[in-house]
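Chemist:
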Amino acid sequence: MMGVNDRQRARRAFGYQIAGAILLWLQAGPALGSGLRERDLQPIAEIVTREVRLGNIPGAVVLIGHEGKVLYRRAFGYRALEPQRIPMTEDTIFDLASLTKVIATTTAVMQLVEQRRLRLEDSVARYWPEFGSRGKDQIRVRDLLSHSSGLRAGLDLKSPWSGYGDVLKRIAAEKPVFPPGKSFLYSDINFILLGALVERVSALPLELYCARHIFTKLGMKDTGFIPLAGQRDRIAPTVYRNGKMLWGEVHDPTAYRMGGVSGHAGVFSTADDLASFAQALVDGGRAGGTRILSQASVEQMTAPHSGRDTASWWGLGWELDAPFASNRDELPPVGSYGHGGYTGTSIWIDPISKTYVIILSHRVHPRGGGDAKPLRAHIREFISGLLDPLSIDHVLDRLYLREFQIEKTLGLIGARWVLQAIKDGWDARTIAQRWEASLKEFRKLRAKYLLYPSPAVD
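Just so we're aligned, residue 69 is where the sequence shown starts under this note's numbering, counting upward by one.
#1: Hey, out of 106, 112, 108, 105, whose CA is closest to residue 442's CA?
#2: Going along the chain, which residues of its own chain have a beta-carbon closer than 8 Å to the beta-carbon of residue 280, five neighbours each way excluded?
#3: Do residue 339 and residue 129 have their C-beta atoms closer together than 7 Å?
#4: What are the partner residues of residue 354, as DSSP defines its beta bridges?
#5: Which stretch, first to last residue, makes up the alpha helix (DSSP H) that contains residue 428?
#6: Taking only the alpha-carbon atoms, compute the straight-line gap between residue 110 and residue 315 and give it to the nearest angstrom.
#7: Provide the residue span of the beta strand (DSSP E) that contains residue 337, from first to last.
#8: Using 10 angstroms around the beta-carbon of residue 241, count the other beta-carbons present and answer buried if the total reaches 16, otherwise exposed.
#9: Rounded to the nearest angstrom, how far is the Cβ of residue 230 from that of residue 325, given a contact under 8 Å?
#10: Counting only runs that start and end within the segment 97–183, where is the alpha helix (DSSP H) found for 4 or more residues in a row?
#11: Am I right that residue 141 and residue 157 are in contact with their C-beta atoms under 8 Å? What's the rounded C-beta distance?
#12: If the criterion is Cβ atoms closer than 7 Å, does the pair residue 259 and residue 332 meet it?
#13: Are the CB atoms of residue 185 and residue 266 within a distance shorter than 7 Å?
#14: Look at residue 307 and residue 432 and say whether their C-beta atoms are less than 7 Å apart.
#15: Count the other CB atoms within 10 Å of the CB of residue 151; is the residue buried (16 or more) or exposed (fewer)?
#16: By the three-class DSSP mapping on this structure, what secondary structure does residue 317 have?
#17: In the DSSP assignment, what residue or residues form a beta bridge with residue 293?
#18: Does the beta-carbon of residue 124 have 16 or more other beta-carbons within 10 angstroms, so that it is buried, or is it exposed?
#19: So, do the segment 187–196 and the segment 156–176 have three or more beta carbon pairs nearer to each other than 8 Å?
#20: By how many angstroms is the C-alpha of residue 492 removed from the C-alpha of residue 328?
#21: Over the uninterrupted alpha helix (DSSP H) stretch that includes residue 277, give me the two end residues.
#22: Just grab the DSSP bridge partners of residue 413 for me.
#23: Residue 250 to residue 192, Cα distance in whole Å?
#24: Is the separation between the beta-carbon of residue 297 and that of residue 131 shorter than 7 Å?
#25: Under 8 Å Cβ to Cβ from residue 227, same chain only, skipping five residues before and after it: list those, please.
#26: Report the three-state DSSP secondary structure of residue 309 (helix, strand or coil).
#27: Straight-line CA distance for residue 208 to residue 144?
#28: So the candidates are 217, 282, 418, 428; which of them puts its Cα closest to the Cα of residue 455?
#29: Could you tell me the alpha carbon to alpha carbon distance between residue 302 and residue 295, rounded to whole angstroms?
#30: When the distance is taken between beta carbons, is residue 440 closer than 7 Å to residue 412?
#31: Of all the options 274, 155, 384, which has the alpha carbon lying nearest to the alpha carbon of residue 178?
#32: In the structure shown, what three-state DSSP assignment does residue 217 receive?
#33: Count the other C-beta atoms from every protein chain shown that fall within 10 angstroms of the C-beta of residue 201, then say buried if there are 16 or more, exposed otherwise.
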């Protein structure tokens, strides 16, 4: 029987062979063990400036952190184009849109789970009995977080309704489009519900709970629902609605009808504040002497929870290397997680290299157009190229961390296959060739399915 030391030696031997195979595939990259350096990031300015020049975004703030330090922070373009032009500044406050789902709601839910006031396996109806009608009695808290509840993408906005009470009545009357846990459908309703659960369990309004237990603890002084009047001069406006420019009022139409506070949208923030949040997750839920989540909760949030038969890969609230999502970018390091927002915001975290990328734009300004996806893709592709995992431990960590995700991609080669190939005597060059072929097939499939994306991840 193989002992612990024997297994460790075997694992390291496999690691050297795997690393050799992957190094052949990578062909070129930074020196072994190299990290990000500030001077490596200068080409980002050209990337963002081009997107502003093309009219895809009015402006943006980009912030990149690595190994506990902010290496890059810069503002580009304009905070406002209408009614007058105002230059972008690094302290601009943005409407985060669906980043609310992870920055506020998911974090709040996981805190309550840690306190045993909520349970992921409990039915939602346990906390809100009226919800259990029309086939919704089996929907669990976990299903809401992983977008596998079967509830529709969003509420009907054609009929007149407004206010928190109306929203809950409409959700109670919803009927699932598929049984919980059977498939994936990105849904704002899921997170409207989760926000309501936070309020019911904590006995606090969602905005107050998040301010007390998340934002204030992390020193996120410019973050919250419904910005203060004194912050207006730093807010990036979005679009005209009812004849006036939304300037500090939430862009999302459902959250707007709800008064600006919802579990799916409504939070405003800055790049620096989001950097504090991202660094806390990189550090296992802790910021200095303050802990907002346990290490176990961070790992649980960012492990796969969507079913093996689903096209998108999600943790609890967070997106995980999801190939068919409409905001999928080019090859972020395996093991990373993040989320996007409809207005043009995104956050991406790579726990292995201890790197995070925050891109804040307001592509919808001034009249609802724009496109932030190219900006996200180009920056993430650029950063990913600097973070190729070349150390033995990093290669092993990434292979094991996401082998489930790699294997589920329609039969493509995964980490388990590589290990078996080594055991069977395959040489490193053959493994590298097969790995490269699988990646080419992956890209073809991704390109094919991106022509018919699942509901837009905002």
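We treat Cβ as the ideally placed atom computed from N, Cα and C, and that holds for glycine.
Modeler: According to the structure data:
#1: 112
#2: 272
#3: yes
#4: 359
#5: Here residue 428 belongs to no alpha helix (DSSP H); instead the beta strand (DSSP E) covers 423–429.
#6: 32 Å
#7: 335–337
#8: exposed
#9: 5 Å
#10: 112–121, 175–182
#11: At roughly 11 Å, the Cβ-Cβ gap does not stay under 8 Å, so residue 141 and residue 157 are not in contact.
#12: yes
#13: no
#14: yes
#15: exposed
#16: coil
#17: 335
#18: buried
#19: no
#20: 59 Å
#21: 274–278
#22: 409, 428
#23: 17 Å
#24: no
#25: none
#26: strand
#27: 43 Å
#28: 418
#29: 10 Å
#30: yes
#31: 384
#32: coil
#33: exposed
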